[in-house]
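Position in the sequence shown (from 1) plus 1 gives the number in the numbering used here.
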Amino acid sequence: MSKKIRSLERGLLVVESLNKTLKPLNLQQLHDITKLDKATLLRVLVTLEESGWVYRNMGDKCYRLTYQIHELGEHIQSHDALVQIAAPVLAELQQEVVWPSDLAIYNGDCMEIVETSRRRSPMVINREIMGFEADMLLSAMGRAYLAWSSEEERKKIVDRLRRIKTEGSARYDAISFARELDLVLERGYAVREEGLWGGVLDSEFEEVSAIAVPIIVMGEVQACVNLVWLNSLSQPGDIESVFYPKLAYAADKIAGLLKANQMY
């Protein structure tokens, strides 16, 4: 009888566990499912990462299967592929400007943050932001998504928001919001509503600002990416001279990668 290859068996067990779940798993969850000791499990995960089978999210440190192995199952969601492609670009952007960025998708009600570089930044700005749902009408990312959407799609989204009575829809005024979106298109980026907090708490003691731009592929908004900073540690001209150009370049780079991988 042929001997079993234990290391291969462990690797397949981890891949199978990730493939069966509908969400990414952290180390403890994988340990509970596979019953592998954590030291062994970490070695397996490192090997799978280096081999391109598993990806570890920057924002929540959870593991998921990479988008390259769609044939292994149907639970590799499209936004997982987006995250894996965008994450290195967000990391590069954070290294260049120090301040962190978030990546968000429109989930039907709001902009849901699916990746962030906040844990990489030395600037502490609400690092527990993964999964946060930003208001479409008040957040920079929501406004960026709406500004670059078609008029028909924008109307459908706003009508839905008013039906479900979001915080932003309670303050909504069609004329003033249309003016705001015109400004967004003119500037090239969106800003959040003054005084809006991004998450439960952006920063306990500091005023925080953000701008956002869309990631557009084949004329359609696929996601939005922002840049967040503390006002006390930035200069008035930073948006136009540094933040916006760097953020726009990052968004274009992600869009190019999505197009190259036919993910749109």
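By construction, the Cβ of each residue, glycine as well, lies at the ideal position given by its N, Cα and C atoms. Values in this document were obtained by computation on a predicted structure and should not be read as measured data.
Looking only at its own chain, which residues have a Cβ that is under 6 Å from the Cβ of residue i, when we skip the five neighbours before and after it?
i	result
Glu207	Leu231 and Ser233
Gly74	For Gly74, the predicted model reports a pLDDT of 49, less than 50, meaning its position is unreliable; a value from the coordinates is still stated below. Result list for Gly74: Asn20, in chain order.
Tyr107	Tyr146
Ala141	Ala191, Val192, Arg193, Ala211, Ile212, Ala213 and Asn227
Spatial neighbours of residue i within its chain, please: C-beta separation below 8 Å, excluding the five flanking residues on both sides.
i	result
Lys260	Val218 and Met219
Leu186	Ala148 and Trp149
Ile165	Asp110
Closest to residue i by CA distance: which of the options is it?
i	options	result
Ser18	Arg7, Ala224 and Leu42	Leu42
Ser52	Thr67, Ile240, Arg11 and Lys39	Thr67
Ala179	Glu152, Val15 and Glu168	Glu152
Arg1	Gln263, Gln29 and Leu49	Examination of residue 1 is not possible in this model, given that the chain is present from 2 through 265 alone.
DSSP three-state call for residue i: helix, strand or coil?
i	result
Ser140	coil
Arg57	strand
Tyr107	strand
Gln236	coil
Leu202	Because the pLDDT of Leu202 is 44, which lies under 50, any placement of that residue in the model is unreliable, and the question is left without a value.
Leu208	The sequence given here places Glu at residue 208; Leu does not occur at that position. Looking at Glu208 - three-state DSSP - the assignment turns out to be coil, as it is neither helix nor strand.
Val99	coil
Glu93	helix
Check for me: the alpha helix (DSSP H) holding residue i runs from which residue to which?
i	result
Asp253	Tyr245 to Ala261
Thr22	Premise fails: Thr22 is in no alpha helix (DSSP H) and is neither H nor E.
So what does residue i bridge to, in DSSP terms?
i	result
Ala40	Answer is none; Ala40 lacks a bridge partner.
Asn227	Ala213
Arg65	Tyr56
Met153	First, the residue type needs correcting, since residue 153 is Glu and not Met in the sequence shown. DSSP output for Glu153 lists no bridge partner at all.
Mind checking which residues open and close the beta strand (DSSP E) that includes residue i?
i	result
Glu113	Met112 to Thr117
Might you give, ordered along the chain, the residues of its own chain that have their beta carbon closer than 7 Å to the beta carbon of residue i, omitting 5 neighbours on each side?
i	result
Glu72	For Glu72, the predicted model reports a pLDDT of 48, less than 50, meaning its position is unreliable and no value from the coordinates is stated.
Ser3	Residue confidence for Ser3 is low, a pLDDT of 49 falling below 50, so the modelled location carries little weight; the figure read from the coordinates is stated next. Answer for Ser3: no residue qualifies.
Ile240	Ile212
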